[in-house]
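Visitor:
Residue numbers (my numbering): 19 to 258.
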């Protein structure tokens, strides 16, 4: 990656993300859609300017994959629409790992994959830590008081997902030990991080209903925002 282009990529990504974070914090989590759209457009322009069509196709493929999967997750109410577009913008603005991070990835002996995947994993881990800090204390109080309990309906998917993630992580990290001369898919440190993420996510899934109940904010119809996720399961059906 050309030093000047890389500097522009890093600088523009920091600027766009700082602007999005400002609106997310101080504008009721409502990020103007023009910000992620500008990220996507500027990323495409930079990729075209490099005249590296191989990189252009690969970054566009990753961005399209994120957009497709993200839209499906968005429709289920698990993520905001702006988040999907911002991750897509990151994939286009920074298609590969920034040069300052190369020594770290080389020392870890892992395969090079799109930078946005690392961002997604780390941001997911931080988000889960935030959820844990916010909701575990009230969950413990509710569990002790008997207001909430663990049911088979909650336990089964939490256990299955945790076991599946841990099994995949063990298999991929074990390949590094078995074939030390080959580039690892994930390093042992990454494996520990993803394992902690899976276990924490599984724990929070056990109390999904209690967390959802605490996350719901009842507002009047006039205050509903376009990006708000409506908890349809908690609405009472209209009378006759």
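Positions of the beta carbon are idealized from the N, C-alpha and C atoms, including for glycine.
All figures in this text were calculated on a predicted structure; none of them were measured in a lab.
#1: Report the residue ranges of all beta strand (DSSP E) runs contained in full by the segment 164-194; include only those spanning at least 3 residues, in chain order.
#2: Determine whether the beta carbon atoms of residue 77 and residue 38 lie at a separation below 8 Å.
#3: Is residue 157 buried or exposed, if buried means 16 or more other CB atoms sit within 10 Å of its CB?
#4: Rounded to the nearest angstrom, what separates residue 35 and residue 141 at their Cα positions?
#5: Give the DSSP-derived three-state secondary structure of residue 225 in the structure shown.
#6: Do residue 143 and residue 253 count as a contact pair if the criterion is CB distance below 8 Å?
#7: Between residue 117 and residue 24, which are expected to be in contact by the criterion C-beta below 8 Å, what is the C-beta distance as a whole number of angstroms?
#8: Beta-carbon separation of residue 88 and residue 105 under 8 Å?
#9: Only counting the same chain, and skipping five residues up and downstream in sequence, which positions put a Cβ closer than 7 Å to that of residue 149?
#10: Flag this pair as yes or no: are the beta carbons of residue 61 and residue 111 separated by less than 8 Å?
#11: Tell me the DSSP secondary structure of residue 24 in three-state form.
#12: Rounded to whole angstroms, what's the CA-CA distance from residue 258 to residue 239? Just pull it up for me.
#13: Can you tell me where the alpha helix (DSSP H) holding residue 66 begins and where it ends?
#14: Using the beta-carbon count (16 or more within 10 Å), is residue 113 buried or exposed?
#15: Are at least three pairs of beta-carbons, each pair with one atom in the segment 157-169 and one in the segment 178-195, less than 8 Å apart?
#16: Out of curiosity, what's the CA-to-CA distance linking residue 145 and residue 235?
Guide: Short version:
#1: none
#2: no
#3: buried
#4: 13 Å
#5: coil
#6: no
#7: 6 Å
#8: yes
#9: 222
#10: yes
#11: helix
#12: Note that residue 258 scores 46 on pLDDT, short of 50, meaning its location in the model is unreliable; the coordinates nonetheless yield the value given after this. Approximately 20 Å between the Cα atoms of the pair.
#13: 52-67
#14: buried
#15: no
#16: 20 Å
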